[in-house]
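Participant:
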Amino acid sequence: MNSALAIPEILDEILQLATPSTQAAAAQTCQHWSDRSLRWLWRDMESFYPLLELLSPLTCIGDTWEFSSDLSTSDWNRFSRYATRIHSLDTTLNSPYQGREDCVVSPRILQEFILHCPTLDSMFPKLTKVVWEPKTAANLHPILLFLVPTVKSLHLSCRRPLGEEFISILKVLGPRGIYLTDFELTMRVCGQDFLDRLPAILEDQKTLTSIALPPHSATRAIVAVLGQLPSLKKYTSNIYTEFQAPLEVGMEFDWNNDTFPSLERLTLYTPLANASGLVTKSHQSRLRHLALVDRKPFSNSELLTFCSSLSASQPCLTVIDLSLYSFTTTTMISTQSIPFNYFRSLLRCAALERLLIESHLAVGYGDNDIAAMASSWPNLQVLALCSSPAISIGSDAGQPLRSVGTFARSFHRLAQLGIYVNSLDVGLTSDIHHRRFADINFGTSPPPGSEDVASLYLADEIAIGGTIRGEKGDDHVECLDSNESDERECRYRAAYWSRVSTRVQEIHASTSHLM
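Sequential numbering from 788 applies to the sequence shown in the numbering used here.
#1: From T968, L1074, R1189, pick the residue whose C-alpha is nearest to that of C1136; which is it?
#2: Would you mind working out which of F854, S1190, V1012, L972 sits nearest P1048, comparing C-alpha positions?
#3: Whole angstroms is fine: what's the gap from I1009's alpha carbon to L982's?
#4: Under 7 Å Cβ to Cβ from L1091, same chain only, skipping five residues before and after it: list those, please.
#5: Could you tell me the alpha carbon to alpha carbon distance between S1024 and L841, rounded to whole angstroms?
#6: Taking DSSP as the reference, what is the three-state secondary structure of Q979?
#7: Inspect the beta-carbon positions of S1100 and V1150 and report whether they are closer than 7 Å.
#8: Going along the chain, which residues of its own chain have a beta-carbon closer than 6 Å to the beta-carbon of S941, five neighbours each way excluded?
#9: Can you list, in chain order, the residues of its chain whose CB lies under 7 Å from that of P994, leaving out five sequence neighbours each side?
#10: Alpha helix (DSSP H) containing A925: first to last residue?
#11: Is it the case that the Cβ atoms of R823 and R872 are separated by a distance below 7 Å?
#12: Could you give the residue range of the alpha helix (DSSP H) that holds G849?
#13: Terminal residues of the continuous alpha helix (DSSP H) containing C1094?
#14: What residue range is occupied by the uninterrupted alpha helix (DSSP H) comprising P894?
#15: Can you give me the C-alpha to C-alpha distance between E1035 and R1196, rounded to a whole angstrom?
#16: Do you know how far the Cα of K1020 is from the Cα of L1142?
#17: Please determine, among K1083, L1167, S1088, L1201, the residue with the shortest C-alpha to C-alpha distance to S1146.
#18: Is DSSP giving V1066 helix, strand or coil here?
#19: On the three-state DSSP scale, how would you describe T1054?
#20: Here's the rule I'm using: 16 or more other beta-carbon atoms within 10 Å means buried, otherwise exposed. How should T1057 be labelled?
#21: Can you give me the C-alpha to C-alpha distance between I956 and F1198, rounded to a whole angstrom?
#22: What's the C-alpha gap between V1106 and L1139?
#23: Please tell me whether L845 and F933 are closer than 7 Å, where the distance is taken between their beta carbons.
#24: Exposed or buried, which one is Q992 when buried takes at least 16 other CB atoms within 10 Å?
#25: Three or more beta-carbon pairs under 8 Å between the segment 946-953 and the segment 899-916, yes or no?
#26: Would you report the Cα separation of P1203 and C1094, rounded to the nearest angstrom?
#27: Exposed or buried, which one is T1006 when buried takes at least 16 other CB atoms within 10 Å?
#28: If we call anything under 7 Å between Cβ atoms a contact, is R975 one with I954?
#29: Only counting the same chain, and skipping five residues up and downstream in sequence, which positions put a Cβ closer than 7 Å to that of D862?
#30: Is there a C-beta anywhere in chain B that falls below 7 Å from the one on S824?
#31: Mapping the DSSP letters down to three states, classify D822 as helix, strand or coil.
See the structure below:
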């Protein structure tokens, strides 16, 4: 055996990156590899059915899964050998077992586990994360097998209104000695009874550092409880979805020295008008990361007010992430781009390291705006001024490719830049609407006093055709979602990419002196 493979850390690195089939083969190669290979093979599970079949093959009787035979001591020993290696269980991508979507686990299987180990503590001693996405209430109950004291991260998600069922599951956390650090609950509709009972459950979870709650859950009672959690650093509040009107009550974030003492990251799904009121609640906030998603139409004044309020009340932000998905442009003066002037007040956030703005319109800026950004945000590492990929914009809304060089010369720490480039700037005219997105990597460790322009990535997506993707200025063209008969469109995209590739190389050459 290679001497390097005798070092546990090296072997772990190899096995961690191996495929499940390779891990299984390694487990059979030699005794030295067996235990470590099995550890990685069983570490992250995407279904609980293979666990059940360690005890006995499952058979479908009516609409329930049952064990096909009585269980013996040897069955439980075999189960323990593998189940004790599991660290996470994620059923999000789980397909119906053996194609039987209508079948659920029999309550008798749950009883077998409880009879064998009443507390369930020793079943999964290393399990720390459970992600469960039940399709029905009956699919939810097997999670009780995996709620053990070692679980620190719990994600529950369901498209159906299972508020009462979720409450019955969450009520066992305290009695079982489960104290979470990460909790995420996704549900399309929350009943009033669910909202009334949730605060009492959250009040016991003093160790929470991250929480995400479903739409309409930002009630005063819930927010009041969250404000008293001493370790809460990240809060995602889904105040509404695109299918529901915004809730006008329950928006009281009373931030002061006695509430949200550790909160650093806040994500809000709410209109700009509501968000302006929220961010001004705290003038001495400890927030470092603010993300806002607004799926409703907004006006110029609302955007100006929000940016002004944000910069005035949260000057210490290091990350601002704005997703402004307005589905109409009737409230905006411009239908081509949003001038950077609407975001100019954010220049007061001098500690900014990441700024991401994604809207229904591209963000327009000039050389003076780039200079102002560079001088105001000396620590900026990521900048994205983009249009939503789901909405087409006109070719004249993009920026000239020469602005890439301006960014390269102006910023000293920028690692990623996202901008939309004008298609006319590469010498191509067409009545087809295009979107140009350039992701420029300036390198993470440039020499002192210079910038390393490592590579330029340019992607092009045509609204009525497929997609072409190029990497590092290559002429390679990949046509996606195109009919074989549409050879003309493919040739058009190939010709376009050839011209873009030439311009990319020119830009790279023009900034080579910065390397």
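Built from N, CA and C at the ideal position, the CB exists for glycine as well.
Facilitator: So, to answer that:
#1: L1074
#2: Of the candidates F854, S1190, V1012, L972, the one whose C-alpha sits nearest the C-alpha of P1048 is V1012.
#3: Rounded to the nearest angstrom, the two C-alpha atoms are 8 Å apart.
#4: Y1129
#5: 40 Å
#6: Reduced to three states, the DSSP call for Q979 is helix.
#7: no
#8: Here residue 941 is Leu; the residue named in the question, Ser, does not match the sequence. Answer for L941: V917, L967, F970, listed in chain order.
#9: Note on identity: in this sequence residue 994 is Thr, with Pro being the wrong assignment. Only Y966, L967, T968, S1018 meet the Cβ criterion.
#10: No alpha helix (DSSP H) holds A925; DSSP gives it neither H nor E.
#11: No, they are not a contact pair.
#12: Segment: none, G849 is in no alpha helix (DSSP H) and carries neither H nor E.
#13: 1087-1100
#14: 894-903
#15: Reliability of the predicted coordinates at E1035 is poor, the pLDDT of 41 falling under 50, and no value is obtained from them.
#16: Between L1142 and K1020, the alpha-carbon positions lie close to 20 Å from each other.
#17: Of the listed residues, the one whose Cα sits closest to S1146 is K1083.
#18: helix
#19: strand
#20: Burial call: buried.
#21: 51 Å
#22: 6 Å
#23: no
#24: buried
#25: Fewer than three beta-carbon pairs drawn from the segment 946-953 and the segment 899-916 are found closer than 8 Å, and the two stretches are therefore not classed as touching.
#26: What sits at residue 1203 in the sequence shown is Gln, not Pro. Distance between Q1203 and C1094, taken at the CA atoms: about 23 Å.
#27: buried
#28: It is not a contact, given that the beta carbons lie outside the stated cut-off.
#29: L842, S843
#30: Going by chain labels, chain B is absent from the structure shown, which holds only one protein chain.
#31: helix
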